[in-house]
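A.B. asks:
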Amino acid sequence: MKDRIIGGYDNFVLPFMAGVIFLGAYLLIGFVRILYNIPSGDRKKLLISLITPKTILKNIRDIICDCLIHVKIFKRKALLGYMHASIAFGWFMLILLGHIEVALFVPERNGILYYPVFYRYFVAEQHHTIRGGFFFFLMDFFLLMVLSGITLAIIKRFRSIIFGMKRTTKPSLADRIGLYALWSIFPLRLLAEGFTAGISGGGFLTNSIHYVFASFFGNDLNILPTWWAYSIALGLFFFAMPFSRYMHIVTETVLILFRNAGLKVTKPRKGFAEAEIYSCPGCGLCIDACPMNVLKKNVKYSSVYFIRFLRRHNTRKINEIAQKCLMCGKCSSICPVSIDSCGIRQAQRETITNILPYDYGFLKKPGLYPVPQPDCSTDPGKEKVLYFAGCMTHLTPAIIKAMTGIFDAAGTDYYFADENGGLCCGRPLMLAGKTRAAREVIEANTKMIMDSGCNTMILNCPICLKIFREEYSLKGIRILHHSEYIEELIQKKRINVKKNNMSYVYHDPCELGRGCGIYEPPRNIIKMLGELKKAGKERKESICCGGSLGSITLNYHDRNKITEDSLDSLIINNPENIVTACPLCYKTFGNMAEIPVMDLAQAVNKNIIKNKQI
Amino acid sequence: MKHANKNIVIIGGGPCGMEAAYRLKNEGMNVILVEKGPSLGGHLACWDRLFPESIKADDLLDILKNNISDVNCFLNTEIIKMNLRNDAYDIELSNGITVLARAVLFATGFDIFPAEKKEEYGYGIYNKVITNKDLEQYFKTGKDERIPANPKNIGFIHCVGSRDEKIGNRQCSKVCCATAVKQACEIKERFPDANVYSFYMDLRMFGRHYEDLYYKAQHECGVRFIRGRVSEISENKEGKLIVKAEDTLMGKPIKITMDLVVLMAGMKNSEAGIKTAGQLAVLRDDDGFFNSEDSFYNLEKSAYRGIFFAGTCLGPKTIPETINEARSAVLSIKEYVESFAND
Amino acid sequence: MIDFGYTLNPSSRINLDNFDRNKFEKLSKSEPDVLLCIGCGSCTASCTAGKYTDTSLRKAILSILDCNEKAAVDFAASCLLCGKCTLVCPRSINTRNLLLSITKIYGKKQ
Amino acid sequence: MIYEGKKKIWSEYQKDIPDDHYFYARSCIRQMFFTASEQAFLEITRKLMGKDIFETEHHTTCGGIAYHCDAIPQETSMTIIARQFALMKKYGYENFVCSCITSFGLYNETLETWRRFPEVEAKVKEDLWESCHLEFAKPKFLAHTCDLIYKYRERIASMAKYRLVNVKTGRPLRVVEHIGCHYSKMFPSKGFGGAEYPYVLVGMVESWGGEIIDYPERRHCCGFGFRQYFIQSDRGYSLANTYKKFESMEPYEPDMIITNCPGCTYFMDRWQYVIAETQGKTYGGKGHGIPVLTYEEVAGLVLGYDPWDLGLQTHQVGSEPLLDKMGIKYDPAKKYLGVNGKFIGEPEKSPC
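Chains as they are written, first to last, in our numbering: chain P, 645 to 1258; chain W, 692 to 1034; chain L, 11 to 120; chain F, 594 to 945.
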């Protein structure tokens, strides 16, 4: 093993070096900018997380799982996962092994950036060295791995359905440059190393190539041009990277650090959001995920394009997309990088709507919200329930009736807070970006709830639930969705339900499932009532009912298409009933479903076993 | 067996009379169609397009006309005398012909309410006030000096001479709402820069696809519907019209300057029809339209044997309804005529 | 000027000649459903905020059409965006965007 | 504007009234504010036309103002009116002519009430007898004094010394005619020309050479409105009404306003001053205001009566510019001299 080229330099490394330096500088500036734009509290959190052993371990695990192995994609579709993992992991190993080789064999060249990359050109190898042979094999193995990934990528471009994707992202110009550069990097490396294998040696792959080509050309004149081409391809790729989706290769690791430090989106285009924006790999998984895309014209509103326009600072488009979204969170939940695009959208909406005039002077009116005087005489440990039905539930009196039926059956001591109409929870305002206004509503509601002296709050509307859990500070009060409360009632035998021979399918409301992480309680309850059938897409992949308050600009006719799509997914296994746990889903489906739709409370109330003593 | 009298006199050569003539002829009757005017078609001939699908009125008219090319039609002819004689009507026509008709069908139709009677709207006094019929003529011919080249504001006033006790017509004319909405769309298509307003009391879009027409007027044509009856119109110095109404949904008076106002004149029973029927002392209701034997099962029959009604002489209705009534009257007439053959 | 103990009462009349068509076209581009209102009042009847204050989408739309932009914003400003009106509207008007658009186009930024 | 269309309407609203032998009832407002107008009517009809117009000092108000202000019930006003009619009968007349539009409207309303509700008529008859011991009667013909002047318009035109023409330019004077609301709005058939385009004043102006202005708010009330005026806190509405009318007629540059109603003459005249004081706005050429005249005053001017004898000095808006236009000679020094050259006082000059 020894340097083949005296001085260890050749002009062909220039394109590569230029690319690397450009990319390095770009990344450095970008990173500093992001750090500058995150709130100082967040910076402190980040610093602490970077020295906390637990988060360090989590960071390493996440980076390996997400950035290299692409575990999430593997889980969805193995072939797609392999495609991503083979390129990412293979390339990573090539770089790592290159560095190891430099460190082992030509330690004096340590720190020269291009050396590990063009190692085969600069270092002549004694073929019989076993150590060298081992690396030759590994290098060729990982190159083959990458090449297999590239081949799959090329196939995916033309037949994405094999990879479980109906639609893929339409690449931008920078994406195309990056894409073609990426496709050509590894075949060129193979060629360059193949041509050089006669001098520098090679493994099973490069050597074979060498033999094949040597019999054709018989000379070494091709060596330098192919190395040039390889270097140019790399340089081009690096130059294209910041402007293309390949930026995520680097940014994603930063995002993982940020996320594990507990950072959240505050501004739509700066700080954490910027890290997210640049971490989008543009894979396009969100296109198929988006419930709106049941209509082809809505594809342009997918998260991947939203992020692309954010990168381009196209405010008009950004606003249009931000306001169209249903905020169902499905794209985020399946995103390989877990980009919180709904958070960015909400932050973007704030820039539009938070400045709009509003007047909630009426919230200050005395006696706005009559509550009973808290009864201090009773045992403080006794359950005192406040039932908050919410705006939507007032349009679905059947749910209210079922809820009160359940409360009565369980002997719950409850107070119906908005029996005669109450305030909105504030979540719709939040979703619309009117956070300032929402805070005023939250304050008024908080006062009412605290005044009531309750210790348990039951909500049957997940929209309310999410904001009560996340934005309200109600110390000492358990905030439960009715599914959780009913499950508890059944477990504690406060109510008994009878099993019938009906079959049910459960629809996960966006705000309950993806929003609050409640998937099991409703299912557990339904299993006690009858047969639970599976939906086509469920749990975190459940399709929004279409009624979502998340979207601002989506019109009724487009919403109907989503409802139809969602219903199709629900009835795929021919259930007899659809059960949901959100008044809005209930109402939306109720208008269009051909089988009975009911809220969980109704399903339970219908099957409650009444106290035999009476 | 007696010689079967199959003479049927149809009074009125509008869509109703024409359709009835065609069907009766097909049933082997000897049809005499009497029309007071110089041509067939009635009001249909004055119309450009028909709601809700905007089909050409002339297309329908052509069909109706072709159907009766071999029917005896007396144009410019009126009924001078009509007497019942031996289960038949002895009818003397103004052209000197006398017919002994087994049955008579009144398809006398309607008159458009004379809009000048609503004096406060100034029809016939202000230059820029026209009626629905005038507008149809304009659509048909493209000519009307009263319609300016680039109107900025155009107003449609519903219920002119309908639902108005003051003017003696309490009934709803039924078709004007849909006509107004149709015409509002059409005029907006002609003058896309104009603001089109529609002043209504109630929008009675009762028929199939009518609501779609209303939807289109709002959504595509941006017609502003104002719930309020126009109280008065005046002319300003430039000859434009100042229209006053109330936006009853807001409870506030409205004033707007219009470049053109279209009055949706309603329907009343035809004066000529009333005159003819007067010879038989046919009963009329408070609303001026003829009384049927009963208004559910025997709508097409009169209280007199051999006298039948169809179409708008029984009250305001649309053309499809009129045509259906014509056909049902034909069935009754046929039954009636055949009842003699069986004697 | 002499104080007679009374003075000319301002007119309450709506003058539709003052209608700002350009602004309205901006609104109908932002939310085309504004054209679909039939003034039935369901929105106002179901309104969560309407229980406490004078919130009314119906009146907001009418106020715009009747050239009273300030009143329109007042009728819309107390909206909580809860979305009940969307569910009850017989014309399926996208009420929330309409309300936001009204405050956006006719209101003053805060 | 299509004149033929109007003519058609006018032809439909022609009422039949005799041109002689009337029982005359005065107007409360006019005998207070425009005394000379009523005198001019009697002069013209009795002396010039030689008609029999009877008047008695026993007749009273019709009660219209109190009735329209809700101060007295309809029964009361009907009994007052029954007494007027009874007087007519008592003095041997069967035709009734009144000088006031409010009265004319109320007489019509009362007659119509009696026609529709005979039991009310019977009750009034009883009340009349009980209270006055007078025999109940209904006039054969009811007319307003303007109806009579309208009937005599052509004869007046034939005797005219002046015409409603600008003598300097030769152009007809532009005249706003204002009809009292209660003349024909309640019962269109009771007025010449109906309610929409009343012809009664138009006919006079046309006969005497003037040109009628048709302005958008011609139908509007003068603003009197009874309660709107009599309750001070509502007076702003009264004023706003008049303002609306003047704003509407202003672009047509009218030379004068002719009215047939006591309240209208009064308010269109006086409110011009209040509008000037409160809004700073004056109408008419050079801010002189638009002269508002009764039809008798106009007839009197045309016939060559002295303007001060016609009482034009009692108007808020000076009539001199109009007199100049018509070429009528007048002595400015005699403006504020009453009967026998007695000084009747002079209005204060406006500080501005």
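Where is the CB? At the ideal position from N, CA and C, for every residue including glycine.
Expressed to the nearest angstrom, what Euclidean distance is found between the alpha-carbon atoms of F/Y617 and F/R639?
C.D. replies: 12 Å
A.B. asks: Could you give the DSSP three-state label for F/V760: helix, strand or coil?
C.D. replies: coil
A.B. asks: Quick one: residues in its chain with C-beta nearer than 6 Å to the C-beta of F/E939, no 5 flanking neighbours on either side, listed in chain order?
C.D. replies: Y929
A.B. asks: Are W/I924 and W/V914 closer than 9 Å when you measure CB to CB?
C.D. replies: Taking 9 Å as the Cβ cut-off, W/I924 and W/V914 do not qualify as a contacting pair.
A.B. asks: Taking the alpha-carbon of W/F897 as reference, which of W/K1008, W/I848, W/L796 has the nearest alpha-carbon?
C.D. replies: W/K1008
A.B. asks: My parser needs the beta strand (DSSP E) runs of 3 or more residues fully inside the segment 664 to 747 of chain F; what are they?
C.D. replies: 688 to 691, 734 to 737
A.B. asks: What residue does the beta strand (DSSP E) around W/D753 start on, and which one ends it?
C.D. replies: No beta strand (DSSP E) contains W/D753, which is instead part of the alpha helix (DSSP H) from 748 to 758.
A.B. asks: Would you say the segment 873 to 883 of chain F touches the segment 898 to 918 of chain F, given that touching needs at least three Cβ pairs under 8 Å?
C.D. replies: A contact between stretches requires three or more CB pairs, one per stretch, nearer than 8 Å, and the segment 873 to 883 of chain F meets this requirement with the segment 898 to 918 of chain F.
A.B. asks: Got a sec: is the Cβ-Cβ distance from L/R26 to anything in chain F below 9 Å?
C.D. replies: The sequence shown places Leu at residue 26 of chain L, not Arg. Judged by the 9 Å Cβ criterion, L/L26 is not in contact with chain F.
A.B. asks: Can a CB atom of chain F be found closer than 9 Å to the CB of L/P42?
C.D. replies: No, its Cβ sits nowhere closer than 9 Å to a Cβ of chain F.
A.B. asks: Is the beta carbon of W/A1020 sitting closer than 9 Å to the one on W/A1001?
C.D. replies: yes
A.B. asks: Tell whether a beta-carbon distance below 9 Å holds between F/A753 and F/G897.
C.D. replies: yes
A.B. asks: Taking the alpha-carbon of L/R101 as reference, which of L/C53, L/C92, L/K119 has the nearest alpha-carbon?
C.D. replies: Per the Cα distances, L/C53.
A.B. asks: From W/G1006, W/H900, W/R1018, pick the residue whose C-alpha is nearest to that of W/S853; which is it?
C.D. replies: Measuring from the Cα of W/S853, the nearest candidate turns out to be W/G1006.
A.B. asks: Where W/F742 and W/L826 are concerned, what is the direct C-alpha to C-alpha distance, given to the nearest angstrom?
C.D. replies: A direct Cα-to-Cα measurement between W/F742 and W/L826 gives close to 14 Å.
A.B. asks: I'd like to know if P/H1126 contacts chain L, where contact means its C-beta is closer than 9 Å to some C-beta of that chain.
C.D. replies: no
A.B. asks: Below 8 Å, can you find three or more Cβ-Cβ pairs linking the segment 947 to 960 of chain W to the segment 792 to 802 of chain W?
C.D. replies: With a cut-off of 8 Å, the segment 792 to 802 of chain W and the segment 947 to 960 of chain W count as touching, because enough Cβ pairs lie within range.
A.B. asks: Kindly indicate the opening and closing residues of the alpha helix (DSSP H) around F/S841.
C.D. replies: For F/S841, the uninterrupted alpha helix (DSSP H) segment begins and ends at 828 to 842.
A.B. asks: Do you know offhand how far P/S875's Cα is from P/L658's?
C.D. replies: 8 Å
A.B. asks: So, does the segment 1243 to 1252 of chain P touch the segment 1043 to 1055 of chain P, judging by three or more C-beta pairs under 8 Å?
C.D. replies: yes
A.B. asks: Could you work out which residues of chain W lie near L/K69, taking near to mean beta carbons separated by less than 9 Å?
C.D. replies: L940, M941
A.B. asks: Checking the sheet assignment: what are the DSSP bridge partners for P/D1243?
C.D. replies: DSSP lists P/T1224 as partners of P/D1243.
A.B. asks: Starting from the beta carbon of L/T63, find every residue of chain P whose beta carbon is closer than 7 Å, and list them in chain order.
C.D. replies: Those are F1006, listed as they occur along chain P.
A.B. asks: Can you find a CB in chain W that lies within less than 9 Å of the CB of L/D76?
C.D. replies: yes
A.B. asks: Quick one: Cα of P/L880 to Cα of P/M789, how far?
C.D. replies: 22 Å
A.B. asks: Where does P/D984 sit, in a helix, a strand or coil, going by DSSP?
C.D. replies: coil
A.B. asks: Quick check on P/A991 - is its C-beta less than 9 Å from some C-beta in chain L?
C.D. replies: For P/A991, no CB of chain L lies under 9 Å from its own CB, so it is not counted at the interface with that chain.
A.B. asks: List, in order along the chain, the chain F residues whose C-beta lies closer than 7 Å to that of L/I12?
C.D. replies: For a Cβ distance threshold of 7 Å, residue set E870 of chain F lies close to L/I12, ordered along the chain.
A.B. asks: Measuring alpha carbon to alpha carbon, tell me which of W/L724, W/G815, W/P706 ends up nearest F/I595.
C.D. replies: W/G815
A.B. asks: For F/F847, I'd like the list of residues in its chain whose CB is within less than 6 Å of its CB, leaving aside the five on either flank, ordered along the chain.
C.D. replies: Note on residue identity: the sequence assigns Pro, not Phe, to residue 847 of chain F. The residues are R767, V769, I806, I883.
A.B. asks: So which of W/N717, W/E710, W/D778, W/N767 has the shortest CA-CA distance to W/D753?
C.D. replies: W/D753 has its Cα closest to that of W/E710, out of W/N717, W/E710, W/D778, W/N767.
A.B. asks: For the alpha helix (DSSP H) containing F/T852, name the first residue and the last one.
C.D. replies: It is not in any alpha helix (DSSP H) - F/T852 instead sits in the beta strand (DSSP E) that spans 849 to 852.
A.B. asks: Could you check whether the Cβ of L/P100 sits closer than 9 Å to any Cβ belonging to chain F?
C.D. replies: no
A.B. asks: Please confirm whether F/D807 has its beta-carbon closer than 9 Å to some beta-carbon of chain W.
C.D. replies: So, interface residue.
A.B. asks: Which class does F/E605 belong to by DSSP, given the choice of helix, strand or coil?
C.D. replies: helix
A.B. asks: Pull out every residue of the segment 594 to 607 of chain F whose Cβ sits closer than 9 Å to any Cβ of chain W, in chain order.
C.D. replies: Across the segment 594 to 607 of chain F, CB contacts with chain W closer than 9 Å involve M594, I595, Y596, E597, G598, K599, K601, I602, in sequence order along the chain.
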